[in-house]
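Novice: Just so you know, we're using the numbering used here here: the sequence shown kicks off at 7 and counts up by one.
Backbone N, C-alpha and C fix where the C-beta goes; we use that ideal spot for every residue, glycine too.
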Amino acid sequence: MDRKKEQAVVVSQEMLADGIFSMWLRTEAAQTAGPGQFISMYTNDGSKLLPRPISICEIDKENGRLRVVYRVTGEHTGTEQFSKLKAGDTIPVIGPLGNGFPYEKAEGKRVFLMGGGIGVPPILELAKQMYCAKKQIVVGYRDAQTFLKEEFEKNGELYISTEDGSVGTKGNVMDAIRENGLEADMIFACGPTPMLRAIKAYAEEAGIECYISLEERMACGIGACLACVCKSREKDHHSNVNNKRICKDGPVFLSTEVEI
Ligand code: FES
Numbered sequence: 007m008d009r010k011k012e013q014a015v016v017v018s019q020e021m022l023a024d025g026i027f028s029m030w031l032r033t034e035a036a037q038t039a040g041p042g043q044f045i046s047m048y049t050n051d052g053s054k055l056l057p058r059p060i061s062i063c064e065i066d067k068e069n070g071r072l073r074v075v076y077r078v079t080g081e082h083t084g085t086e087q088f089s090k091l092k093a094g095d096t097i098p099v100i101g102p103l104g105n106g107f108p109y110e111k112a113e114g115k116r117v118f119l120m121g122g123g124i125g126v127p128p129i130l131e132l133a134k135q136m137y138c139a140k141k142q143i144v145v146g147y148r149d150a151q152t153f154l155k156e157e158f159e160k161n162g163e164l165y166i167s168t169e170d171g172s173v174g175t176k177g178n179v180m181d182a183i184r185e186n187g188l189e190a191d192m193i194f195a196c197g198p199t200p201m202l203r204a205i206k207a208y209a210e211e212a213g214i215e216c217y218i219s220l221e222e223r224m225a226c227g228i229g230a231c232l233a234c235v236c237k238s239r240e241k242d243h244h245s246n247v248n249n250k251r252i253c254k255d256g257p258v259f260l261s262t263e264v265e266i
């Protein structure tokens with residue numbers, strides 16, 4: 007379904023870690039949003055025509071609010087402009103976009119909810135909504151700036167990896183699984199491509215059903231730039247080639263459906 011642009015209102019904004027910001031927005035998108043979906047946010051100055059896709063970290067339907075946690079990608083970028091917004095400011099957004107995680111499939115299963123880097127935030131709403139037999143949240147950070155940690159602790163068993171070893175397991179999320187001897191029947195993951203590649207290989211070798219969100223590879227989020235195309239096993243029924251647009255067909259895919 008094509009969605010319309012609307013003016014969302016900034017409710018609050020704070021910095022959680024170096025370059026990582028959290029913003030609550032009042033938006034109609036909150037009514038229909040689900041875990042693993044995203045919104046595309048536009049800058050107000052008109053100089054950057056394409057929006058930025060930002061994943062949804064929390065959904066508060068009752069109050070019509072969404073929380074986004076995002077990384078500022080550099081000076082003079084759209085994300086830097088977002089980080090300067092204050093309560094009461096407005097920002098044009100489109101959403102919710104994307105398919106989201108099929109979290110209903112987790113009922114009765116032992117699950118890994120895995121996030122790395124700026125792929126960590128969408129795991130929070132997923133953890134809040136998921137109903138399963140064993141909820142093991144495995145998240146990876148660079149260093150001791152483990153943003154959202156307290157919120158994860160309230161929503162499952164939490165395991166942390168850090169690249170510098172300052173908190174939890176030294177290494178990545180796969181190292182945390184091995185070090186803690188964890189097991190699962192199903193995996194949901196979001197993060198940088200090398201991390202997802204390792205998780206996909208692990209899941210396929212062990213025969214575990216695994217859903218990965220490729221959202222970090224998106225650029226505009228609205229199907230306009232084609233920067234997000236990835237190879238798929240099945241032919242696309244429009245173009246008849248083995249391609250998928252991550253922003254339109256995903257960002258969440260069954261790991262065996264895509265090549266990364
Ligand atoms: Fe631009 Fe998908 S991110 S077309």
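Is any non-hydrogen atom of the ligand FES found closer than 7 angstroms to the C-beta of Arg71, if you look at the structure I gave you?
Specialist: Along the sequence shown, read from residue 1 onward, the residue named residue 71 stands at position 65. Not under cutoff, so the answer is no.
Novice: Helix, strand or coil, according to DSSP, for Pro127 in the structure here?
Specialist: By 1-based counting over the sequence shown, the position of residue 127 is 121. Pro127 falls in the helix class under three-state DSSP.
Novice: Taking the alpha-carbon of Pro257 as reference, which of Gly227, Lys241, Arg239 has the nearest alpha-carbon?
Specialist: Position 251 of the sequence shown, counted from the start, is the residue given in the question as residue 257. Taking only the C-alpha atoms, the option nearest Pro257 is Gly227.
Novice: Is Leu232 a contact residue of the ligand FES, with contact defined as CB to any heavy atom under 7 angstroms?
Specialist: Here residue 232 corresponds to residue number 226 of the sequence shown, with the count starting at 1. It does: the Cβ of Leu232 is within 7 angstroms (strictly closer) of some heavy atom of the ligand FES.
Novice: Just checking my contact of Ala133 with Phe107 at CB under 8 angstroms: how many whole Å lie between their CB atoms?
Specialist: Residue mapping note: residue 133 aligns to position 127 of the sequence shown, counting from 1. Residue mapping note: residue 107 aligns to position 101 of the sequence shown, counting from 1. Actually they do not touch by this definition, with Cβ atoms about 11 angstroms apart.
Novice: Leaving out five residues before and five after Lys11 in sequence, what residues of the same chain have Cβ atoms less than 8 angstroms from its Cβ?
Specialist: For the purposes of this step, residue 11 is taken as residue 5 along the sequence shown, with counting starting at 1. Within the same chain, Lys11 has close Cβ partners Tyr48, Pro98, Val99, Ile100.
Novice: Just to check, is the beta-carbon of Ile270 closer than 7 angstroms to a non-hydrogen atom of the ligand FES?
Specialist: Here the chain comprises residues numbered 7 to 266, so residue 270 is not present and cannot be evaluated.
Novice: What I want to know is whether the C-beta of Gly227 ends up closer than 7 angstroms to one or more non-hydrogen atoms of the ligand FES.
Specialist: Along the sequence shown, read from residue 1 onward, the residue named residue 227 stands at position 221. For the ligand FES, at least one heavy atom lies less than 7 angstroms from the Cβ of Gly227.
Novice: Should Arg251 be listed as close to the ligand FES, given that the test is whether its C-beta is under 7 angstroms from any heavy atom?
Specialist: The count along the sequence shown starts at 1 and reaches residue 251 at position 245. Under cutoff, so the answer is yes.
Novice: Along the chain, where does the alpha helix (DSSP H) that runs through Asp255 open and close?
Specialist: The residue given as residue 255 occupies position 249 in the sequence shown. Here the alpha helix (DSSP H) through Asp255 covers 252-255.
Novice: What are the boundary residues of the beta strand (DSSP E) that Val144 is part of?
Specialist: As a working note, residue 144 is residue 138 in the sequence shown. Here the beta strand (DSSP E) through Val144 covers 140-147.
Novice: Which residue spans inside the segment 208-253 form an unbroken beta strand (DSSP E) run of at least 3?
Specialist: With a minimum length of 3 residues, the continuous beta strand (DSSP E) runs that stay inside the segment 208-253 are 215-219, 235-238, 249-251.
Novice: DSSP three-state label for Leu132, please.
Specialist: Counting from 1 along the sequence shown, the entry for residue 132 is found at position 126. Correct three-state label for Leu132: helix.
Novice: Since Gly174 contacts Ile166 with CB under 8 angstroms, what's their CB separation in whole angstroms?
Specialist: Counting from one through the sequence shown, the residue named residue 174 turns up at place 168. Counting from one through the sequence shown, the residue named residue 166 turns up at place 160. 3 angstroms between Cβ atoms; contact.
Novice: Figure out for me which residue from Gly146, Val117, Asp51, Ser172 has the closest Cα to the Cα of Tyr217.
Specialist: Here residue 217 refers to the residue found at position 211 when the sequence shown is read from its first residue. Ranking the options by Cα distance to Tyr217, first place goes to Val117.
Novice: Quick test of the definition: if touching needs 3 or more C-beta pairs under 8 angstroms, does the segment 84-92 touch the segment 198-209?
Specialist: No, they do not touch.
Novice: Give a yes or no on whether the C-beta atoms belonging to Arg71 and Leu22 are separated by under 8 angstroms.
Specialist: The residue you call residue 71 lines up with position 65 of the sequence shown. The residue you call residue 22 lines up with position 16 of the sequence shown. Cβ distance not < 8 angstroms, so Arg71 and Leu22 don't count as in contact.
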